[in-house]
């Protein structure tokens, strides 16, 4: 069975204020089997070692070239465009502001 992977740009998490680590492209393998609950301790486990692998690339083309060179089926997920809501501090005191 051939490994399947997804290529994407990771989004920043809620605890980050900066954009470090969001410019690179990441390759992660899709899970080959379902996770299981270990009966003694109740931990969630997996026998799929590809689930541990994450590879970062400088650009999308490098990630695609890696997949094609290693015969890996892949899907590319394009990032959503970032919307900026620019506001000025003076807007808090404008007369056109809805007061409630």
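Numbering (this note's numbering), first residue to last: 158 to 257. Glycine residues also receive a C-beta, built at the ideal position from the N, C-alpha and C atoms.
Inter-residue distance for residue 171 and residue 187 is about 24 Å (C-alpha atoms, whole angstroms). Listed in chain order, the non-local C-beta contacts of residue 216 below 8 Å within the same chain comprise 182, local neighbours out to five positions each way being set aside. Taking residue 214 as reference, the option from 166, 162, 161 and 254 with the minimal CA-CA separation is 166.
Rounded to whole angstroms, residue 173 and residue 241 show a C-alpha spacing of 17 Å. Residue state for residue 168 is assigned as coil, using DSSP reduced to three classes.
For residue 185, the enclosing beta strand (DSSP E) stretches over residues 182–186. Shown here for residue 200: same chain residues with a beta carbon closer than 8 Å to its own, the five before and five after excluded, namely 194 in chain order. Within the same chain, and ignoring the five residues on either side of residue 224 in sequence, the residues whose Cβ sits closer than 8 Å to its Cβ are 162, 164, 184, 230 and 231.
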